[in-house]
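Mind the numbering: the sequence shown is residues -1 to 271 in this note's numbering, read in order.
For every residue, glycine included, the Cβ atom is placed at its ideal position computed from N, Cα and C.
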Amino acid sequence: MRARVVIAGLAALALTAAACGAGGDESSIIGKERLIIGVKPDQPGLGLKKKEGVYEGFDVDVAKEVAARVAGKGVSVQFVDAPSSQRERLLQAGQVDLVVATYSITPERKTKVAFAGPYYVAHQDTLVRQSETRIRNVRDLRGRNLCQVTGSNSWRRVQEEKKIPVNLVKAASYSMCIDKLKSGDVDAVSTDDLILAGFAASEGNQVKIINAPFTDERYGIGIRQGDIDGCEAVNKAITEMYQDGTAQKLLKKWFGATTLTLTETVPQFEGCD
Ligand code: GLU
């Protein structure tokens, strides 16, 4: 059975390679009738799975807008979960066409995938329990228990870039970090302000953001390396979204009720090559 599945898979691969010509180069997202887009399933305000296949949030709306602008209004978009630890792998394996999932552009990730954008620049901040009085700045995390999401960059910003010695406590996602914060297993969750604002809004007064931002998180749209045309088309879509007021409208829709200062101008792009 297993062997048959593998053989069928190989045959399909050979067919795809033949269809793409001798070089076997993969297709661009441009012209696709169906786009599979990876988003976060558990981050309120950004990417939240309501039920199988139905997601909501700022990233989800950005993804829908970009898809319609790149591939036409008739495009069918399928959303799938893209946890922090899976984003590069999903793109490299061709399991998703795009990733729009609070995905910071970093030099390390750029060795594996390409990025359009950024479509927004967030800033890392820190969430603590309401009763916490000693953590007022990232440096106050020294010696404390900090949540570490696998595949995410935020813990590196504290431990490797800021060189603050912390006790890292592993979790698979930021929603699990919030549970650990409430149960006392960690003292702080440090990550992008947009993510923390979404959780703070849904957790009521149990937690608070310390309001001491210390990084620029350039949110890119992950795309397969080599799809330069696709990447440029996504950049054009992002520019249009800022020019026609869509980006500002979406930022207000999802974060207007928070205390965040929202940046309403198009960020400086990275470039696609
Ligand atoms: N933006 C950061 C990153 O891409 C943290 C959020 C996340 O992991 O989704 O690593």
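Best match in the options for proximity to residue i [C-alpha to C-alpha]
i, options, result
"E31", "P42, V75 and G55", "V75"
"D79", "E54, A69 and R67", "E54"
"G218", "A235, N203, A210 and F212", "A235"
"G182", "G70, T256 and S129", "S129"
"Q93", "G269, K251 and G220", "G220"
"I193", "I35, P42 and G36", "P42"
"V37", "K48, N143 and D271", "K48"
"A66", "Q246, G29, S83 and V136", "G29"
"E50", "V64, F77, P163 and A210", "F77"
"V205", "A186, Q223 and R216", "A186"
"G115", "L166, V60 and K250", "V60"
"A198", "L33, L44, Y240 and P39", "L44"
"N209", "D123, P105 and V111", "D123"
"W153", "D242, T213, G202 and T131", "T213"
"V184", "V126, T261 and K62", "V126"
"I27", "L144, T256 and V232", "V232"
Span of the beta strand (DSSP E), counted from its first residue to its last, around residue i
i, result
"P105", "Unbroken run through P105 is the alpha helix (DSSP H), P105 to K108; no beta strand (DSSP E)."
"V75", "S74 to D79"
"I28", "Premise fails: I28 is in no beta strand (DSSP E) and is neither H nor E."
"V167", "N165 to A169"
Check: residue i C-beta below 6 Å from any heavy atom of the ligand GLU
i, result
"T189", "yes"
"Y101", "yes"
"E159", "no"
"S152", "yes"
"S26", "no"
"S173", "no"
"S200", "no"
"S181", "no"
"E268", "no"
"E215", "yes"
"S74", "no"
"S82", "yes"
Cross-strand partners of residue i (DSSP beta bridge)
i, result
"S188", "T124"
"Y273", "Nothing can be reported for residue 273, as the shown portion of the chain is limited to -1 through 271."
"G36", "V78 and V97"
"G45", "Q41"
"K206", "V126"
"E54", "L46"
Enclosing alpha helix (DSSP H) for residue i [first to last residue]
i, result
"A245", "T244 to F253"
"S181", "Y172 to S181"
"E230", "I226 to Q241"
Could you give the uninterrupted runs of the beta strand (DSSP E) lying entirely in the region 91 to 147, keeping only those of 3 residues or more?
-> 112 to 120, 122 to 127 and 143 to 147
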